[in-house]
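**Student:**
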Amino acid sequence: EVLVRGEERYARVGSGAARQQQRTRLGRATIPCLALPVVTALLALGVPFVTIGRWLVAGGADVWRLDEIGLALGQTLFLALAGALLATIAAMPMAWISIRAPGPLQRLLEGCNYIVGSLPGVVVALALVTITVRIALPLYQTLFTILVAYALMFLPRALISLRASIAQAPVELERAAASLGRSPLRALWSTTIRLSAPGAAAGMALVALGIMNELTATQMLAPNGTRTLAMAFWAHSGEIDYASAAPYALIMVAMSLPLTWLLYVQS
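Residue numbers for the sequence shown, in my numbering: 87 to 353.
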């Protein structure tokens, strides 16, 4: 990616010259070209919804235990929003450096983030368990530890979105704000950070989606009594009680829809 991207700029100060987009007519290839994405979408959406609906009908109204579902929903939303916010804030400095001050050290640090993000959740969780048990026992199975795990696991998602949005923010705006007497932080806030807000929102949505479905690290690091939607779904599925697990699956799918819409709008 670094070799392909090079040192090219993706932002401009002037309005530039408008260029009309040219559409290519596929002709006879239209139907074959549309068939693959349509079939993929139908399978990706149809199979889960049909399966969930089948088990909901089989379970009836008894599977909707609103007190348990409400507790799991509240804890899932809190962890997803807190983890997404922490990961986005942690990714901001690296995203800014990767665009404004690229170099060998920056690429090394950025690559380390991607390596950690590619590790299985159980590896990150075991590492944090070892550190907290041996060095900082009071932090074992606390909210702080699980949020740190989320930030480590999903930081690349926020980093990619932030880097793309910062790359489209002209650095000349920061310099102009600084030349008008604003401090470096105020100049950064009023220009680059504001322009990259849509990318930050998209990155937060990606991170939140990942946290909602995360299971391994949550089970190992979350405080006692934590029960997210994914944990409840896994518990009922482990007991072969798919009817009781169906409401949790439906809610997780429903929660992904507005975040998916946000990603679509920001794209």
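We put the beta carbon where it would ideally sit given N, CA and C, even for glycine. Note that the coordinates shown come from a computational prediction; the quantities given were computed from them, not determined experimentally.
Would you grab the beta carbon distance between S330 and G145 for me? Rounded to a whole angstrom, and I think it's under 8 Å.
**Tutor:** Indeed they touch by this definition, with Cβ atoms about 7 Å apart.
**Student:** Buried or exposed: F392, going by 16 or more other Cβ atoms within 10 Å of its Cβ?
**Tutor:** No answer is possible for residue 392: it lies beyond the span of the chain, which begins at 87 and ends at 353.
**Student:** Using the C-alpha atoms, what's the distance from M317 back to Q305?
**Tutor:** Each residue's alpha carbon lies about 7 Å from the other.
**Student:** Rounding to the nearest angstrom, what Cα-Cα distance links L225 and A308 in this structure?
**Tutor:** So the two alpha carbons sit approximately 11 Å from each other.
**Student:** Return the CA-CA distance between A235 and T110, expressed in angstroms with no decimal places.
**Tutor:** Each residue's Cα considered, the two are about 46 Å apart.
**Student:** From this set, L167, P118, L194, which residue's C-alpha is nearest I297's C-alpha?
**Tutor:** Considering only alpha carbons, the answer is L167.
**Student:** Report the CB separation of P242 from N299 in whole angstroms; it is logged as a contact under 8 Å.
**Tutor:** Actually they are not in contact, since the Cβ atoms of P242 and N299 sit about 16 Å apart, beyond 8 Å.
**Student:** Quick check on L191: buried or exposed, where buried means 16 or more other Cβ atoms within 10 Å of its Cβ?
**Tutor:** By the 10 Å Cβ count, L191 comes out exposed.
**Student:** Looking at C-beta atoms only, is the number of pairs between the stretch 204-224 and the stretch 181-196 that lie closer than 8 Å three or more?
**Tutor:** No: fewer than three Cβ pairs fall under 8 Å.
**Student:** Do T346 and L274 have their C-beta atoms within less than 9 Å of each other?
**Tutor:** No. Outside cutoff.
**Student:** By the 10 Å Cβ neighbour count, where 16 or more other Cβ atoms means buried, how is Y350 classified, buried or exposed?
**Tutor:** So Y350 ends up on the exposed side.
**Student:** Would G289 pass as a contact of L233 if the rule is Cβ separation under 9 Å?
**Tutor:** The answer is no: Cβ separation not under 9 Å.
**Student:** DSSP state of E258, grouped into three classes?
**Tutor:** DSSP places E258 in helix when its eight states are reduced to three.
**Student:** Report the rounded CA-to-CA distance for L281 versus M178, giving the unit in angstroms.
**Tutor:** In a straight line, the C-alpha of L281 is about 13 Å away from that of M178.
**Student:** In terms of residues, what are the limits of the alpha helix (DSSP H) holding T231?
**Tutor:** Unbroken alpha helix (DSSP H) run through T231: 229-253.
**Student:** Applying the 10 Å Cβ sphere with the 16-neighbour rule, what's the burial state of T312?
**Tutor:** Under this definition T312 is a buried residue.
**Student:** Could you tell me which whole alpha helix (DSSP H) segments of length 4 or greater appear in the stretch 152-238?
**Tutor:** As far as the stretch 152-238 is concerned, its whole alpha helix (DSSP H) runs of at least 4 residues are 152-186, 190-204, 207-220.
**Student:** Any chance the stretch 131-141 sits against the stretch 324-339, with 3 or more Cβ pairs inside 8 Å?
**Tutor:** Contact holds: three or more Cβ-Cβ distances are below 8 Å.
**Student:** Determine the contact status of A176 and A263, defining contact as a CB-CB distance below 9 Å.
**Tutor:** No, Cβ-Cβ distance for A176 and A263 is not below 9 Å.
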